[in-house]
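Residue numbers (numbering that gives the first Met the number 0), protein chains in the order written: chain B, 0 to 371; chain E, 0 to 145; chain G, 0 to 366.
Worksheet: the structure to be examined is printed underneath.
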Amino acid sequence: MMIFNPDPSSVRQMPTLAPDWPGGFWWHWLLFTVIIIAFVLLLVMGYIWLERRAMGRMQARLGPNRAGPFGLLQPVADALKVMLKEDIVPVNADKIVHLLAPIIAFAPVLIIFAVVPFANGALLADLNIGIVFVVAISSISTLGVFMAGWGSSNKYSLLGAMRNVASVVSYEIPVVLSIAGVVLITGSLSMNQIVLAQEIPFILLQPLGFLIFFIGGCAEINRSPFDLLEADSEIVAGFHTEYSGMKFAMFYLVEYAEALVISALITTLFLGGWRGPILPPWLWFLVKVMVVFFVMVWTRTTLPRVRIDQLMALAWKFLFPLALLNLFITGIEILAWPTAIAWLIPVNIAVMVILVLLWSKLFKLGWGRVEV
Amino acid sequence: MTLALPVKDTAQRIGEHFADAVTEVTDGAVIVKSEALFQVAEYLKTNPDFDLNYLTHITAVDYFDYFEIIYQLTSLNNNHSLLLKTRCYDRDKPVVPSVVGLWRGADFQEREIYDLMGISFKGHPNLKRIVMWDGFDGHPLRKDYL
Amino acid sequence: MTLKTEPFVLNVGPQHPSTHGVFRMRATLDGEVVVDIEPIFGYLHRGIEKLAEERTYTGVIPLTDRLDYLSSMANNLGYCLAVEKLAGIPVPERAQYIRVIMAELQRIASHLIAVGAFLNDCGAFMTPIVYMIREREKILDLFDMVCGQRLTYNYMRPGGVSQEIPDEFLPALDKFLKQMPGWIDEYDQLLKENEILLARSKGVGTLSQELAISISASGPVLRGSGIKWDIRRADPYSIYERFEFDIPTGTVGDCYDRYRVRVEEMRQSLRILEQARQQIPGGEFRSKVPHLIRPPVGETYAHIEAPKGELGFYLVSDNSIAPYRCHVRAPSLLNVTALRDLMIGWKIADLILIFGSMDICMGEIDR
Numbered sequence: 000m001m002i003f004n005p006d007p008s009s010v011r012q013m014p015t016l017a018p019d020w021p022g023g024f025w026w027h028w029l030l031f032t033v034i035i036i037a038f039v040l041l042l043v044m045g046y047i048w049l050e051r052r053a054m055g056r057m058q059a060r061l062g063p064n065r066a067g068p069f070g071l072l073q074p075v076a077d078a079l080k081v082m083l084k085e086d087i088v089p090v091n092a093d094k095i096v097h098l099l100a101p102i103i104a105f106a107p108v109l110i111i112f113a114v115v116p117f118a119n120g121a122l123l124a125d126l127n128i129g130i131v132f133v134v135a136i137s138s139i140s141t142l143g144v145f146m147a148g149w150g151s152s153n154k155y156s157l158l159g160a161m162r163n164v165a166s167v168v169s170y171e172i173p174v175v176l177s178i179a180g181v182v183l184i185t186g187s188l189s190m191n192q193i194v195l196a197q198e199i200p201f202i203l204l205q206p207l208g209f210l211i212f213f214i215g216g217c218a219e220i221n222r223s224p225f226d227l228l229e230a231d232s233e234i235v236a237g238f239h240t241e242y243s244g245m246k247f248a249m250f251y252l253v254e255y256a257e258a259l260v261i262s263a264l265i266t267t268l269f270l271g272g273w274r275g276p277i278l279p280p281w282l283w284f285l286v287k288v289m290v291v292f293f294v295m296v297w298t299r300t301t302l303p304r305v306r307i308d309q310l311m312a313l314a315w316k317f318l319f320p321l322a323l324l325n326l327f328i329t330g331i332e333i334l335a336w337p338t339a340i341a342w343l344i345p346v347n348i349a350v351m352v353i354l355v356l357l358w359s360k361l362f363k364l365g366w367g368r369v370e371v
Numbered sequence: 000m001t002l003a004l005p006v007k008d009t010a011q012r013i014g015e016h017f018a019d020a021v022t023e024v025t026d027g028a029v030i031v032k033s034e035a036l037f038q039v040a041e042y043l044k045t046n047p048d049f050d051l052n053y054l055t056h057i058t059a060v061d062y063f064d065y066f067e068i069i070y071q072l073t074s075l076n077n078n079h080s081l082l083l084k085t086r087c088y089d090r091d092k093p094v095v096p097s098v099v100g101l102w103r104g105a106d107f108q109e110r111e112i113y114d115l116m117g118i119s120f121k122g123h124p125n126l127k128r129i130v131m132w133d134g135f136d137g138h139p140l141r142k143d144y145l
Numbered sequence: 000m001t002l003k004t005e006p007f008v009l010n011v012g013p014q015h016p017s018t019h020g021v022f023r024m025r026a027t028l029d030g031e032v033v034v035d036i037e038p039i040f041g042y043l044h045r046g047i048e049k050l051a052e053e054r055t056y057t058g059v060i061p062l063t064d065r066l067d068y069l070s071s072m073a074n075n076l077g078y079c080l081a082v083e084k085l086a087g088i089p090v091p092e093r094a095q096y097i098r099v100i101m102a103e104l105q106r107i108a109s110h111l112i113a114v115g116a117f118l119n120d121c122g123a124f125m126t127p128i129v130y131m132i133r134e135r136e137k138i139l140d141l142f143d144m145v146c147g148q149r150l151t152y153n154y155m156r157p158g159g160v161s162q163e164i165p166d167e168f169l170p171a172l173d174k175f176l177k178q179m180p181g182w183i184d185e186y187d188q189l190l191k192e193n194e195i196l197l198a199r200s201k202g203v204g205t206l207s208q209e210l211a212i213s214i215s216a217s218g219p220v221l222r223g224s225g226i227k228w229d230i231r232r233a234d235p236y237s238i239y240e241r242f243e244f245d246i247p248t249g250t251v252g253d254c255y256d257r258y259r260v261r262v263e264e265m266r267q268s269l270r271i272l273e274q275a276r277q278q279i280p281g282g283e284f285r286s287k288v289p290h291l292i293r294p295p296v297g298e299t300y301a302h303i304e305a306p307k308g309e310l311g312f313y314l315v316s317d318n319s320i321a322p323y324r325c326h327v328r329a330p331s332l333l334n335v336t337a338l339r340d341l342m343i344g345w346k347i348a349d350l351i352l353i354f355g356s357m358d359i360c361m362g363e364i365d366r
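Here it is, written out as structure tokens:
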């Protein structure tokens with residue numbers, strides 16, 4: 000038995016697709032494709048602005064404040080500048096790989112939004128395997144990054160790309176395991192169903208899962224403190240050292256679009272998606288996405304960077320066992336007390352606190368050399 | 000206060016161990032023969048009375064007739080210091096023994112002296128130019144370099 | 000089939016975000032692990048020692064500014080002490096106090112940059128260094144007040160300082176002394192116990208006592224290894240014997256110890272500043288010194304505890320108006336000697352971190 004057991008009639012009522020629109024599916028797809036592209040591009044600009052301004056405030060400085068009110072147009076100015084810049088390709092670079100890399104990195108990020116609901120049923124395609132689709136597609140970006148690192152014929156790029164592959168391969172496992180906890184409770188892989196199941200945001204039912212997903216997600220998209228692949232103080236700019244002009248802008252876009260993806264996924268999986276009182280659903284979605292991103296900016300300005308072996312150790316020694324335990328505990332809870340949601344909240348939070356404390360005692364990040 | 004070791008006594012004690020090593024004693028410095036430099040330095044470093052375990056700096060001065068290489072030695076434990084000097088009269092091929100084996104800190108300084116003064120240090124593990132580029136002609140800190 | 004990796008050579012620098020200037024390290028890497036490293040420098044060589052031979056004793060002071068450009072006041076002080084020792088120039092009381100105040104302010108400013116840059120190398124994206132530049136700015140304002148410069152001060156002269164401190168300087172100094180301890184506490188709250196910082200810097204780049212002495216390390220690098228050696232105490236120059244202060248030392252000599260020593264030294268500098276501020280007497284700011292100083296034939300070595308370590312000037316005079324030889328004992332040059340020993344076996348990220356914890360300045364290494 001499941002905590003959320005959707006009534007078949009309610010499923011039918013959901014306007015997931017609009018076959019009765021004039022033109023049928025095509026209009027729906029066209030509309031949402033435009034919405035997604037606009038959403039991603041606009042929100043990426045918003046993110047860049049938010050990151051730079053918030054970071055400025057946290058770093059006791061102003062941040063960009065010249066272009067437009069509150070510097071709101073700064074991303075536009077940056078985009079214009081970067082488009083006019085010369086496109087430099089190193090002599091020894093693999094030209095085709097070098098060119099394709101930013102495109103391959105960027106496309107999957109857009110594709111993921113096909114299954115992210117902006118409101119009830121408001122998504123491009125309500126795939127019944129939604130979350131698996133996300134996991135599968137999001138890994139493709141790594142290929143683009145690796146191509147960039149390999150094709151640039153630069154050692155810094157190569158190091159950055161290698162680090163990225165290593166971190167993505169490691170962090171995919173705890174991330175997927177933490178998603179599995181959510182899927183267990185929901186009983187569905189569809190993103191829309193997951194949101195509909197969240198009478199109580201899953202962050203309360205799955206606090207440990209949320210923590211693992213947040214850390215793992217940050218590591219996969221290389222947000223600080225896991226920004227090893229472009230660690231500017233170590234390997235200059237990592238995989239995009241040799242990129243300039245529009246190609247660089249694409250990677251810049253990918254970086255923030257990935258952050259957008261992760262915050263949208265966290266919102267959808269753990270924070271109740273578009274659900275919320277008073278405000279319209281899409282606004283709730285936007286607000287939650289922004290809040291999640293703000294936390295990411297916060298960690299970025301606060302924490303130093305971990306080392307590559309510590310990054311791996313964190314994935315395999317800390318997150319992976321915890322994710323397994325989390326899945327195990329969730330399974331037991333669902334089997335034993337399928338209806339008792341309310342009192343599971345304090346229990347789950349207690350379990351999270353105990354496990355995290357226990358592991359932080361058992362497992363030290365370093366204090367020196369941690370061999371992988 | 001870091002006390003300067005009495006030069007006369009020190010020179011005498013060096014002389015007891017290494018005959019003819021000390022060539023001259025000025026006010027404030029002991030000048031030893033370049034051939035005996037390494038042994039004298041080793042003695043000063045290891046002898047517990049001196050215990051000059053810290054090489055403050057090395058430098059060289061070009062006096063046209065000769066090069067003077069200056070070793071400022073300090074004892075961190077006893078807090079006294081000694082100015083040890085050696086002279087090198089051969090202007091074309093000046094050579095003095097390297098003290099890298101005793102104090103690793105001499106490494107870059109000897110390379111720098113080699114680079115800018117043109118004094119070779121025998122026994123230095125990696126004696127090559129340090130601030131000027133390889134293939135640079137001349138030694139800029141020499142007085143006759145214009 | 001066994002997997003085999005081939006070592007490759009990576010040039011870290013001379014253009015690199017965290018080589019603190021134009022330092023270059025030819026690192027041989029096996030994957031991420033440093034197998035071998037060779038420091039290469041000379042990209043900022045300006046021949047200051049040669050230039051000094053062509054200038055009058057006073058004219059060398061601006062050159063000393065350019066040695067360690069993050070602590071020009073200390074360089075001025077070291078050089079002026081050497082000239083005074085050589086020529087026997089007396090320094091009035093007030094000038095001594097002004098010099099101590101400047102030198103200690105400079106120490107705080109330099110350590111702020113050192114700690115900030117170290118944390119930046121550690122990957123704390125810009126935040127610590129921007130905070131620390133904010134505080135350094137207050138010190139630069141104070142320097143601006145006394146000499147009209149913010150980086151290369153050219154303030155001290157043999158026999159005193161170039162000009163009297165303005166009336167508004169001491170109140171401004173009081174204000175700074177009131178604010179600064181709170182700021183240092185703020186850094187400690189933010190980062191002292193940060194788990195990632197501990198994981199990154201504890202036990203990394205351990206410089207043993209024997210090695211530290213052998214490479215003639217000085218300053219925070221030497222003290223980080225647990226050796227209580229501070230020129231201000233061991234061989235007091237100027238008027239340092241009048242002040243009470245402690246010498247902070249580390250225990251094992253890793254990057255974390257060096258970072259802690261610098262932070263603690265800032266607190267001790269504040270203590271000295273407090274005392275100097277209270278004791279500063281009136282009087283002349285400079286003794287009567289001829290325009291062209293002609294010291295008697297001879298040689299001298301004067302050293303001070305500069306922010307980065309023991310800064311010494313070895314001057315040889317031939318009774319002319321210019322030094323016959325002016326050698327600079329640069330702390331940074333000697334502190335980097337051990338880089339190879341510290342870095343081998345660690346990863347690239349540690350390479351940057353160890354290098355950052357040394358706190359070097361290229362102006363001083365290349366000269």
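Heads up, the beta-carbon is just placed ideally off N, CA and C, and yes, glycines get one too.
Taking Glu-347(G) as the reference, give the member of Leu-28(G), Leu-210(G) and Tyr-154(G) with the closest Cα.
-> Note that residue 347(G) is Ile in the sequence shown here, rather than Glu. Comparing Cα-Cα distances from Ile-347(G) to each of Leu-28(G), Leu-210(G) and Tyr-154(G), the minimum goes to Leu-28(G).
Helix, strand or coil for Thr-37(G) per DSSP?
-> A small correction: the amino acid at residue 37(G) is Glu; Thr does not occupy that position in the sequence shown. In the structure shown, Glu-37(G) sits in a strand (DSSP, three-state: E or B).
By Cβ distance, which residues of its chain are closer than 6 Å to Arg-368(G), with the 5 residues on each side in sequence left out?
-> As displayed, chain G neither begins before 0 nor continues past 366, which places residue 368(G) out of reach and without an answer.
Pro-330(G), enclosing alpha helix (DSSP H) - first and last residue = 330-334
Which of the three DSSP states, helix, strand or coil, is assigned to Asp-91(E)?
-> Correct three-state label for Asp-91(E): coil.
Cβ pair count under 8 Å reaching 3, the stretch 208-215 of chain G against the stretch 132-140 of chain G | no
If we count the other Cβ atoms within 10 Å of its Cβ and call it buried at 16 or more, is Asp-60(E) buried or exposed?
-> For the sequence presented, residue 60(E) should be read as Val rather than Asp. By the 10 Å Cβ count, Val-60(E) comes out buried.
Can you give me the start and stop residues for the beta strand (DSSP E) that Gly-202(G) sits inside?
-> Run containing Gly-202(G): none; DSSP gives neither H nor E here.
Could you tell me the distance, in whole angstroms, from the CA atom of Trp-28(B) to the CA atom of Glu-219(B)?
-> Straight-line Cα distance between these residues: approximately 29 Å.
Just checking, does the stretch 203-222 of chain B make contact with the stretch 168-179 of chain B on the three C-beta pairs under 8 Å criterion?
-> yes
How long is the line joining the alpha carbons of Leu-43(G) and Gly-20(G), rounded to whole angstroms?
-> 9 Å
For chain G, find out if any of its Cβ atoms is closer than 9 Å to the Cβ of Glu-233(B); answer yes or no.
-> yes
Which residues DSSP lists as bridging Ile-69(E), in chain order = Looking at the DSSP assignment, Ile-69(E) forms a beta bridge with Thr-58(E) and Lys-84(E).
Helix, strand or coil for Tyr-53(E), going by three-state DSSP, please let me know.
-> strand
With a cut-off of 8 Å on the beta carbons, I'd call Ser-156(B) and Thr-240(B) a contact; round off their distance for me.
-> Their Cβ separation, rounded to whole angstroms, is 5 Å, which keeps Ser-156(B) and Thr-240(B) in contact under 8 Å.
Anticipated Cβ contact below 8 Å, Thr-85(E) with Thr-73(E), distance rounded | That pair is no contact at about 18 Å.
Taking 9 Å as the CB-CB limit, is Thr-336(G) close to chain E?
-> yes
Start and end of the alpha helix (DSSP H) containing Asn-163(B)?
-> 154-185
Could you tell me the distance, in whole angstroms, from the CA atom of Glu-67(E) to the CA atom of Arg-110(E)?
-> 16 Å
Say whether chain G places a C-beta atom closer than 9 Å to the C-beta of Tyr-155(B).
-> Answer yes: the Cβ-Cβ gap between Tyr-155(B) and chain G drops below 9 Å somewhere.
Relative to the C-alpha of Pro-235(G), which residue among Leu-338(G), Glu-52(G), Gly-77(G) and Tyr-152(G) is closest?
-> Ranking Leu-338(G), Glu-52(G), Gly-77(G) and Tyr-152(G) by Cα distance to Pro-235(G) puts Gly-77(G) first.
Please classify Ala-18(E): is it buried, with 16 or more other beta-carbons within 10 angstroms of its beta-carbon, or exposed?
-> Burial call: exposed.
Backbone secondary structure at Glu-370(B) - three-state DSSP = With a pLDDT of only 41 at Glu-370(B), under the threshold of 50, the placement of this residue in the model should not be trusted, and no figure is reported.
What residues in the stretch 86-113 of chain E have a beta carbon less than 9 Å from any beta carbon of chain G?
-> Leu-101, Trp-102, Arg-103, Gly-104, Ala-105, Asp-106, Phe-107, Gln-108 and Glu-111
Can you give me the Cβ contacts of Thr-250(G) inside the same chain, cut-off strictly under 8 Å, excluding the 5 residues immediately before and after it?
-> Gly-225 and Asp-256
Compute the beta-carbon to beta-carbon distance between Thr-151(G) and Ser-71(G), rounded to the nearest angstrom, for a pair I have assumed lies under 8 Å.
-> 5 Å
Is Arg-93(G) near Ile-303(G), with beta carbons less than 9 Å apart?
-> No, the pair does not count as a contact, with Cβ atoms beyond the cut-off.
Minimum C-alpha distance to Leu-51(E) - residue among Gln-11(E), Gly-134(E), Asp-106(E) and Trp-102(E) | Trp-102(E)
Among Phe-7(G), Glu-52(G) and Arg-266(G), the one whose alpha carbon lies nearest that of Leu-140(E) = Glu-52(G)
Spatial neighbours of Gly-148(B) within its chain, please: CB distance less than 6 Å, with the 5 preceding and 5 following residues excluded, ordered by chain position.
-> Ser-156, Leu-157, Gly-159, Ala-160 and Phe-238
Touch check for the stretch 354-363 of chain G and the stretch 326-346 of chain G: three-plus C-beta pairs under 8 Å?
-> These segments touch.
Closest to Ser-161(G) by CA distance: which of Lys-177(G), Met-144(G), Ala-171(G) and Arg-270(G) is it?
-> Met-144(G)
For Asp-365(G), I'd like the list of residues in its chain whose CB is within less than 6 Å of its CB, leaving aside the five on either flank, ordered along the chain.
-> Phe-40, Gly-41, Leu-43 and His-44
Pick from Ala-198(G), Phe-312(G) and Glu-163(G) that is closest to Gly-281(G), judged by C-alpha positions = Glu-163(G)
Contact set between Cys-121(G) and chain B, taken where Cβ atoms lie within less than 9 Å = Simply Ser-232, Pro-303 and Arg-304.
Could you pull out every residue in the same chain whose Cβ sits closer than 8 Å to the Cβ of Asn-127(B), ignoring the five residues on either side in sequence?
-> Ser-187, Leu-188 and Ser-189
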